[in-house]
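What follows is one structure encoded as structure tokens, with my remarks underneath.
Spelled out as structure tokens, the structure:
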């Protein structure tokens, strides 16, 4: 007779404990134990740790799995149990970790594999192979693809968050905070009477009457400087969307800016000279061309597709020097200049900022972080079983993504969603823009080093998104390379991993719709290819999402800087715009306060979140992965210190890529 000691760890989640009857069975290479009840009176309450003895006639050999069962106690009492992990101490003196982090429902069973990671061709035991295959088959039944809209990435096949498997839903803490925060915010606005007012603002300064909690220094800075050219240009580098601007070596044919127009801005130099020096930049919103604005509160809204020319002056300031609000040049589409009237120039910049809202929220935020993170999540859950090293590596980076995206589809971009109700890009225009953005998306655009190089921005001064982002990319890449090289010791291992190849195939087919022109790999041949791709996945779900999400209220809370909709068409000639024209063009009171409330909600983290580098689930018991995680965390702490030291010297600190402020996953 031999004895195995089993230690159960019940999760800390609310209602994690159970009254159900829990039983266990150990399976090894030589034999399996009998199913044995775990004495419920020793307790499976929230956060509890309990040890049990399992008697076996002889050693079971190398342990392959632990199987848990849940049945009603006395046929009457039952509920779910959230188990974090099981530890098994063997007669041979080994302690083996079996991660769980799943809900076990009544009359259900769970098969847990040891924490030691393995590739599919390394799981040579027939029983282990069958368990691995069965887990994938079960996961593929639970997590199915669905076409959301033709020409856009496919999504998870669930209509509501409550229908999702319990382990991928929000925790009680996060769900409660999310809904209570939103409910209190909108209720407060209702009480002020602002949420239903269709009148125009009487002045820009009147916007200060919208009271939101936690206005930080960035918000206050933007409130003061939003209409200054220096700050307008700054936002192309370090604002909500630092992804549009690119170096300009030749003017587009449809943007006929002349030297005479910009001579004052260039201080006697010419466009050709400054282009040769690398000082001229372009932001082209052609993706919005000919899109019709949404109807908000029964009133037509207007979209433009601007071209913006910028000049990096000798002091390193990025300054706008010309704005054309539509793609086709004509007499009724003037090129606005800083030398025009103050009102003309201000309104032109406001139209650009509205275009920025549309492209940022749909392309760079929704598509390039939320929808792609969902693609990575679904492909991971469907194709990588729990023993797979890549499953373990990506597990922290897929947390809550499915639920937040279902909620976004239902509450933001649905027929009655907030974007549809309060944004000029809502409705049919949003669907068209999303399809255009998907069709133009490339792999290189998602890989920060390639993206910076393609846009010619390697040497632009004061580009803190690039500076912090490149350091963060390199830290992630170093960690991923060391981690994956531990398991994939040669290129042949990558090629032989059928689970991995199916994973990338589904991402290519269901996420990038099989577009070979995207540059997205459909298979992996080398460890180097795999490392780059996984670096991109983690960077997208963590750092990139932080960069384009976390500052939404900071930059958009002061509405004129980031208007969700505009009520008048762009001016057809110069000299006709007044301050009243600007107020009549900006969103009405209701659209302003409701749109701003949404931005506030989407920028607010819950207390149940984990910064990049935190691994709250104990998925590893091997020395090398644990050591690599420690080195990764050390590198992130050092980068955080560097960023904080740099920010002390800045009038407007750039904080969005400080690892302390970067969530592990797309969870908000």
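In the UniProt record's numbering, the protein residues as written are 1 to 668.
For every residue, glycine included, the Cβ atom is placed at its ideal position computed from N, Cα and C.
Is the separation between the beta-carbon of residue 33 and that of residue 68 shorter than 8 Å?
no
Quick check: the Cα distance between residue 465 and residue 63, rounded to an integer number of angstroms?
48 Å
I need the straight-line Cα distance from residue 292 to residue 47, nearest angstrom please.
Cα to Cα, the separation comes out at about 54 Å.
Given a cut-off of 8 Å on the beta-carbon distance, is the pair residue 247 and residue 278 in contact?
yes
DSSP on residue 221, reduced to helix/strand/coil?
helix
When DSSP builds the beta bridges, which residues end up paired with residue 2?
56
Could you please give the first and the last residue of the uninterrupted beta strand (DSSP E) stretch that includes residue 243?
From DSSP, residue 243 is part of no beta strand (DSSP E); its letter is neither H nor E.
I want to know whether the stretch 481–488 touches the stretch 524–534 - three or more CB-CB distances under 8 Å.
yes
What is the C-beta distance between residue 23 and residue 38, in whole angstroms, given that I count them as a contact (C-beta under 8 Å)?
With 8 Å as the limit, residue 23 and residue 38 qualify as a contact, their Cβ atoms being about 6 Å apart.
From the DSSP output, which residues share a beta bridge with residue 7?
51 and 87
Whole angstroms is fine: what's the gap from residue 599's alpha carbon to residue 102's?
32 Å
For residue 28, which beta-bridge partners are listed by DSSP?
The partner list for residue 28 (beta bridge, DSSP) reads 63.
Can you name the start and end residues of the alpha helix (DSSP H) that residue 504 belongs to?
498–506
Would you kindly check if the distance between the Cβ of residue 501 and the Cβ of residue 523 is under 8 Å?
A contact, by the Cβ cut-off of 8 Å.
Roughly how far, in whole angstroms, is the beta-carbon of residue 564 from the beta-carbon of residue 357, given that I think they are within contact range, below 8 Å?
6 Å
Does the distance from the C-beta atom of residue 237 to that of residue 463 stay below 8 Å?
yes
Which word fits residue 274, buried or exposed, when buried means at least 16 other C-beta atoms lie within 10 angstroms of its C-beta?
buried
For residue 386, which residues in the same chain have their Cβ closer than 6 Å to its Cβ, ignoring the five residues on either side in sequence?
113
Could you spell out where the alpha helix (DSSP H) holding residue 621 opens and where it closes?
No alpha helix (DSSP H) holds residue 621; DSSP gives it neither H nor E.
Cβ contact check for the stretch 398–405 and the stretch 572–581: 3 or more pairs under 8 Å:
no
On the CB-based measure, 16 or more other CB atoms within 10 Å of its CB, does residue 344 come out buried or exposed?
buried
The alpha helix (DSSP H) spanning residue 470 covers which residue range?
464–487
So, for residue 455: in the same chain, excluding its five sequence neighbours on each side, which residues have a beta-carbon less than 6 Å away from its beta-carbon?
246
Beta carbon of residue 521 nearer than 8 Å to that of residue 371
no
Could you give the DSSP three-state label for residue 125: helix, strand or coil?
Correct three-state label for residue 125: coil.
Cβ shell of residue 545 (< 6 Å), same chain only, five flanking positions each side left out
369 and 666
Those runs of the beta strand (DSSP E) which lie wholly inside the stretch 260–323 and span at least 3 residues:
280–284 and 307–312
Buried or exposed by the 16-neighbour rule on C-beta atoms within 10 Å, applied to residue 339:
exposed
Return the first residue and the last residue of the beta strand (DSSP E) that residue 103 is part of.
95–104
If we ignore side chains and look at the alpha-carbon of each, how far apart do residue 300 and residue 583 end up?
16 Å
Using a C-beta cutoff of 8 Å, does residue 587 count as contacting chain B?
In summary, chain B is missing from the structure at hand, where a single protein chain is found.
Relative to the C-alpha of residue 286, which candidate in 328, 258 and 269 has its C-alpha closest?
328
Per DSSP, what are the beta-bridge partners of residue 21 in this structure?
71
Which residues bound the alpha helix (DSSP H) around residue 602?
589–602
Run through the DSSP bridge pairs and tell me what residue 653 is partnered with.
According to DSSP, residue 653 bridges with nothing at all.
So, residue 8 versus residue 83, is the Cβ gap smaller than 8 Å?
yes
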